Amino acid sequence: MSDDDLLKRYLLGDLPGDEEEALERRLLAEDGLFELAEALEAEVLEEYARGGLTPAQNARLARFLRASPEGRVRLAVVRGLAQSPMSARNPAPVNVLPFARPVRTVPSRLQAAAAIAAMLLLALGAGWLASVQIPGPMIAKRAPTLAPSPAVFLATIALSSLRGEEEVTAVLVPAGTDRVDLRLPLRDDDGGYPSYRVVLTDSRGAEVASREPLQATRHGKGQPALVLSVDAARLPAGRYSLEIQGVLPTGEREDLAFPEFEVREP
Amino acid sequence: MKRGEGDRSLTREGLDALLDSLDPDRELAARRYEEIRRRLIRFFEWRGCDRADTLTDDTFNRVAAKLADGLELHSDPYAYFCGVARLVALEYGRKTAKESRLLEADVWPPPTEPEDDADHRLDHLRHCLEALSPDQRQLALRYHQEEQRIAGRKRLCQELGIEMNALRIRVHRLRRMIETCIQARLED
């Protein structure tokens, strides 16, 4: 039996007495073996966290975790690394996974101003500008520079609007637009989810477009944002609602915002 | 003066003798003490003892008492600590034999893992991950976030050109850095 198999059985309390004693003597004498045992302990904790151990093994681990603050930190680290919203593919620092958080009220002017700044930077590069002003009606304007191909209109919708509030973004979609990209800059506390769900409905409540899972994107050091692309033909003049939710690793969703906007004739 | 079985509290002379046995330099002795203590706690935890820190202190106190009474160690004191720790573990095992029989009979209630301050620790985890270098952070996250754990970790081994146990230890050292960082933040 290899050392790692032997150690795993030892850590789970499954080793016969004489083998356990022999291994303990080695463990206390061999630095490398001791460190390997510590490394393998993390795998045992992983199995514990996943519910993959037998009841007796669970009970043994639970006993020492109850008595060991350090053990609980080790378990929290193993579990936290597996569930961290700071994903391995995109390890940029993001906010930690929130477990239960109330939907916030209207954000500060500062946050909205940051959204405007990030949007401006992006819009200049894309060739179209959607300007946002707060509070009150917001007007999206055509940028004065290059016309993109295909004709994509970028409209930034601040997540400041909660359902029932009067603040509505007005979006003027230029004639000849093929696609509207609704850019939704995430607020500081909303950036920590592994994925998101966005649903766009019209004034009658009919679904126009939806995306799940939707990943937040970030341009340079700018604010992370969600982008929902919608065929321009599906956005006639009228009022629309967005439902934005963060999706936890468990699949549970948390409501983030319900902004509304109005598409107007240019 | 010989101490009875019930009197194992650490005396000043016992502590001095203990530290002297580890290193003549007090600072180095203190560091060695902490390292041995950490190892002994793990040893007791792995043995399934639910009072690992108490049993570790008991081990130190017994050794300190022996040293204060004139015991001279001619080899690595760690080996002596380990011998005493094994004795302490055996005594503990005998005392809790009945409890162990119940455990083996599987009549324990389902475990409820203590989750005090769990959210707080996750918040600390984020900060401590940010303190790692990008490569270190990437490795720790990939190791734990691969959907197919075994296959994913084998891929990591191939990419890094190392064996599985070397990968385990490399990630373990990163986790230890994170744990130390979290502990420090919890104590602040």
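First to last, the sequence lines map onto chains A and B.
Under this note's numbering, think of the first position of the first sequence as 2, with each following residue one higher.
Under this note's numbering, think of the first position of the second sequence as 23, with each following residue one higher.
Every residue, glycine too, gets a C-beta built ideally from N, C-alpha and C.
Note that the structure is predicted; figures quoted are calculated from it, not measured.
| Asked | Found |
| --- | --- |
| 8 Å Cβ cutoff met for residue 208 (chain A) and residue 200 (chain A) | yes |
| Best match in B:152, B:91, B:73 for proximity to residue 107 (chain B) [C-alpha to C-alpha] | B:73 |
| Range of the contiguous beta strand (DSSP E) that encloses residue 271 (chain A) | The structure shown does not extend to residue 271 (chain A), since chain A is modelled only from 2 to 267, so the question has no answer here. |
| Residue 226 (chain A) and residue 218 (chain A) closer than 8 Å at C-beta | yes |
| Beta-bridge pairing of residue 232 (chain A) - partner residues as DSSP gives them | A:180 |
| Distance, residue 199 (chain B) Cα to residue 41 (chain A) Cα | 16 Å |
| Residue 36 (chain A) at chain B interface by Cβ criterion, 8 Å | yes |
| Close beta carbons around residue 232 (chain A), own chain, < 7 Å, minus the five adjacent residues each side | 180 |
| Buried versus exposed, by CB contacts within 10 Å (16 or more), residue 186 (chain A) | buried |
| Validate contact between the segment 6-26 of chain A and the segment 63-72 of chain B using beta carbons, cut 8 Å, 3 pairs | yes |
| Assigned exposure category for residue 164 (chain A) - 16 Cβ within 10 Å defines buried | For residue 164 (chain A), the predicted structure reports a pLDDT of 45, less than 50, and the residue's modelled location is therefore unreliable. The matter cannot be settled from this model. |
| Segment limits, beta strand (DSSP E) that includes residue 214 (chain A) | 208-215 |
| Cutoff 7 Å; reference residue 114 (chain B); Cβ partners in own chain excluding five residues on either side | 71, 77 |
| Straight-line gap, residue 86 (chain B) to residue 42 (chain B) (C-alpha atoms, nearest Å) | 10 Å |
| Cβ shell of residue 260 (chain A) (< 6 Å), same chain only, five flanking positions each side left out | 158, 160, 162, 243 |
| Member of A:63, A:25, A:169, A:47 whose CA lies at the smallest distance from the CA of residue 109 (chain B) | A:25 |
| Every unbroken beta strand (DSSP E) within the segment 76-127 of chain B, with a cutoff of 3 residues, ordered by chain | none |
| Closer than 8 Å to chain B by CB, residue 6 (chain A) | no |
| Own chain partners of residue 38 (chain A) with C-beta closer than 8 Å, once the 5 adjacent residues on each side are dropped | 8, 11, 12, 28 |
| Endpoints, the beta strand (DSSP E) within which residue 197 (chain A) is located | 196-203 |
| Closest Cα partner of residue 229 (chain A) within the set A:239, A:58, A:215, A:241 | A:215 |
| Short CB-CB distance (under 8 Å) between residue 194 (chain B) and chain A | yes |
| First through last residue of the beta strand (DSSP E) which encompasses residue 262 (chain A) | 261-265 |
| Sheet register partners of residue 256 (chain A) (DSSP bridge) | A:246 |
| C-alpha gap between residue 151 (chain B) and residue 159 (chain B), whole angstroms | 6 Å |
| Per-residue burial, residue 175 (chain B) [other beta carbons within 10 Å of its own, 16 or more giving buried] | buried |
| Alpha helix (DSSP H) segment containing residue 251 (chain A), residue limits | Premise fails: residue 251 (chain A) is in no alpha helix (DSSP H) and is neither H nor E. |
| Cα-Cα separation between residue 55 (chain B) and residue 103 (chain B), rounded to whole angstroms | 11 Å |
| Cβ shell of residue 66 (chain A) (< 7 Å), same chain only, five flanking positions each side left out | 72, 73, 76 |
| Minimum Cβ-Cβ distance from residue 48 (chain A) to chain D less than 8 Å | You won't find chain D in this structure, because its protein chains are A and B. |
| Near-chain A residues of the segment 166-180 of chain B (beta-carbon distance less than 9 Å), N- to C-terminal order | 166, 167, 168, 171 |
| Short-range partners of chain B found in the segment 48-67 of chain A, where Cβ spacing is below 9 Å | 49, 50, 55, 56, 57, 59, 60, 61, 62, 63, 64, 65, 66, 67 |
| C-beta neighbour in chain A for residue 197 (chain B), strict 8 Å | yes |
| Test: residue 39 (chain A) CB closer than 8 Å to a CB of chain B | yes |
| Burial state of residue 238 (chain A), where buried means 16 or more other Cβ atoms lie within 10 Å | exposed |
| Option nearest residue 155 (chain A) by Cα separation, candidates A:182, A:61, A:175 | A:182 |
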